[in-house]
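Comments concern the structure below.
Protein chains: 2
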Amino acid sequence: MRKTLVVTLATVAISVAALAGADGHADPKQIEAAVKARQAHMQLYSFHLATLGGMAKGEIAYDAEAAGSAADALVSLVQLPQGGYWLPGSDNASIENTRALPAIWAADSKVGEAAGAMVEAAMAMQAAAGTDLAALQGAIGAVGEACGGCHKPYRASAN
Amino acid sequence: MRKTLVVTLATVAISVAALAGADGHADPKQIEAAVKARQAHMQLYSFHLATLGGMAKGEIAYDAEAAGSAADALVSLVQLPQGGYWLPGSDNASIENTRALPAIWAADSKVGEAAGAMVEAAMAMQAAAGTDLAALQGAIGAVGEACGGCHKPYRASAN
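Which chain is which? The protein sequence lines are W and D, in order.
Each number in the numbering used here comes from the position in the first sequence (counting from 1) with 244 added on.
Each number in the numbering used here comes from the position in the second sequence (counting from 1) with 244 added on.
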């Protein structure tokens, strides 16, 4: 299953590359919808990571069922088709209201690898989260690193 | 698999009921996060339904791969754990910025059944979308009805 997901994410990367190779002029409404969708997707990561991160830090009482559910959600989210979110022309040099850097669409973009790392981290969290708090805590670092693996190189700072 | 999903959604309904039976006073920040998450989830439905609906109406050229991907996304979305979105006290009589009616949390709430209908419709769409345009068109009505199955009884009008 892990291999299937990594292949899925590689396909996403290929789709992004293919879109970037097209004429590069999506309809502004399509661009807006794509940006809203990817931000909604990030919102859902944030929602479930708040549960897992809160438990890891001891700010929320550990609950195996809730932790497992949040980790299941992460895995479902990484599996969700995402190629349509990343239309060429939806970078922060082209439009407002996004922090997505043009480097995402560059020929040497490593977004596919970064997405693959997120799949791996989410699946490791899924295996760990429902076991016990120590297992969850052992898996949370890799999830945070996987978030940063895209955000650091490919997202503009908030300020 | 279909049965599993229906059971999953029934579990969501039970979770909502269980939450409603608790003290009913979630933290305002938790409420806000939950509302944002469910609205993000709806945004993602909207994004993928725009593809499927656009193709069904002939506004977007039918593309088997894109249709299949959008339908896969719908199925992933209906499978996503959603119990945490529906905190008691997050209805439109209690807070701003939501159209969720208190009836969702009522003892006679039928949200579990409505969610089950959405699962069924999404899975039927997944089986149809990549086949051909006629199959997609045959499946889109049930998806729209399933959306309405929750929105009509449980969402306030936009005006």
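Beta carbons: idealized from backbone N, C-alpha and C, even for Gly.
Only a predicted model underlies this, so the values are computations on that prediction, with no experimental measurement involved.
Option nearest residue i by Cα separation, candidates the options
{"i": "R282 of chain W", "options": "D:Q323, D:A372, D:Q287 and D:I339", "result": "D:Q287"}
{"i": "P332 of chain W", "options": "W:A270, W:V319 and W:S353", "result": "W:A270"}
{"i": "A423 of chain D", "options": "D:P325, D:A315 and D:Q274", "result": "Look at the range of chain D in this structure, 245 to 403, and you will see that residue 423 of chain D is not part of it."}
{"i": "A277 of chain W", "options": "D:G360, D:V279, D:W330 and D:F291", "result": "D:F291"}
{"i": "P397 of chain D", "options": "D:E340, D:A359 and D:Q326", "result": "D:A359"}
{"i": "H285 of chain D", "options": "D:T295, D:D307, D:A305 and D:P325", "result": "D:P325"}
{"i": "K273 of chain W", "options": "W:Y329, W:M362, W:Y289 and W:A361", "result": "W:Y329"}
Opening and closing residue of the alpha helix (DSSP H) in which residue i lies
{"i": "Q283 of chain W", "result": "P272 to A300"}
{"i": "Q381 of chain W", "result": "L377 to Y398"}
{"i": "D352 of chain W", "result": "Here D352 of chain W belongs to no alpha helix (DSSP H), and DSSP marks it neither H nor E."}
{"i": "A315 of chain W", "result": "A308 to Q323"}
Between the CA atoms of residue j and residue i - distance to the nearest angstrom
{"i": "N336 of chain W", "j": "V355 of chain W", "result": "16 Å"}
{"i": "A386 of chain W", "j": "A365 of chain W", "result": "6 Å"}
{"i": "A311 of chain W", "j": "A379 of chain D", "result": "39 Å"}
{"i": "A390 of chain D", "j": "K301 of chain W", "result": "39 Å"}
{"i": "A350 of chain D", "j": "E309 of chain W", "result": "24 Å"}
{"i": "D352 of chain D", "j": "N341 of chain D", "result": "25 Å"}
{"i": "G327 of chain W", "j": "G382 of chain W", "result": "31 Å"}
{"i": "L321 of chain D", "j": "S338 of chain W", "result": "30 Å"}
{"i": "S401 of chain D", "j": "T375 of chain W", "result": "43 Å"}
{"i": "E357 of chain W", "j": "V279 of chain D", "result": "32 Å"}
{"i": "G394 of chain D", "j": "V319 of chain D", "result": "It is Cys, not Gly, that sits at residue 394 of chain D in the sequence shown. Distance between the alpha carbons of C394 of chain D and V319 of chain D is about 17 Å."}
{"i": "Q323 of chain W", "j": "Y306 of chain W", "result": "26 Å"}
{"i": "L377 of chain D", "j": "A361 of chain D", "result": "22 Å"}
{"i": "Q370 of chain D", "j": "V363 of chain D", "result": "10 Å"}
{"i": "A294 of chain D", "j": "L293 of chain W", "result": "28 Å"}
{"i": "A368 of chain D", "j": "E303 of chain W", "result": "42 Å"}
{"i": "G392 of chain W", "j": "R399 of chain W", "result": "9 Å"}
{"i": "G265 of chain W", "j": "I275 of chain D", "result": "Bear in mind that the predicted position of G265 of chain W carries a pLDDT of just 39, short of 50, making it unreliable; the figure below should be weighed with that in mind. If I take the Cα positions, the gap works out to 43 Å."}
{"i": "G388 of chain D", "j": "Y289 of chain D", "result": "11 Å"}
{"i": "S313 of chain D", "j": "A317 of chain W", "result": "19 Å"}
Supposed contact pair residue j and residue i - C-beta distance, whole angstroms, cut 8 Å
{"i": "G297 of chain D", "j": "I384 of chain D", "result": "6 Å"}
{"i": "S334 of chain D", "j": "A344 of chain D", "result": "6 Å"}
Residues that residue i contacts on chain A, provided the C-beta gap is smaller than 8 Å
{"i": "S313 of chain D", "result": "The chain inventory of the structure shown lacks chain A, comprising the protein chains W and D."}
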